[in-house]
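In this note's numbering, the protein residues as written are 70 to 206.
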């Protein structure tokens, strides 16, 4: 588990966007992020943000046109807070949301998010299993 002081610092950066040096855009929404924080979680996002070979580095902006805004929002939250929440409007689709989170984590090489999403998926699956459903009536 990460040091509590570091976690509090990441939380403060997430909540205030102070000293942000990169933008991740998706679905008309902009997330002001920090390259240093990206470095701690995603080699893919960090490389795009910091390697001069990429146009995203030169413009300090990454457009995630092929990704779902809800998942990107949850991914950014996870990068800073090491947890994510299922949007209220997706409560009935929790399992598919966790699967989508595992997929986006794999895409951007966020190993701990992929593990977190898989764990949430398994816990949710276990909670929804009805022991009576396997009995013959």
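Each residue gets a CB set at the ideal place from its N, CA and C atoms; glycine is no exception.
Given the structure is predicted, the values throughout are model-derived calculations rather than measurements.
Which same chain residues end up closer than 7 Å to residue 186 when comparing Cβ atoms and leaving out the 5 residues on each side of it in sequence?
167, 170, 171, 174
Given that a residue counts as buried once 16 or more other Cβ atoms are within 10 Å of its Cβ, and exposed if not, what is residue 95?
buried
For residue 132 and residue 125, the rounded distance between their alpha carbons:
8 Å
Residues near residue 206 by beta carbon distance below 6 Å, same chain, minus five either side:
Note that residue 206 scores 35 on pLDDT, short of 50, meaning its location in the model is unreliable; the coordinates nonetheless yield the value given after this. Taken in chain order, the list of residues that qualify is empty.
Endpoints, the alpha helix (DSSP H) within which residue 171 is located:
From DSSP, the alpha helix (DSSP H) with residue 171 extends over 163-176.
Of the listed residues 181, 81, 120, 121, nearest to residue 102 (C-alpha basis)
81
Between the segment 106-123 and the segment 145-159, are three or more C-beta pairs nearer than 8 Å?
yes
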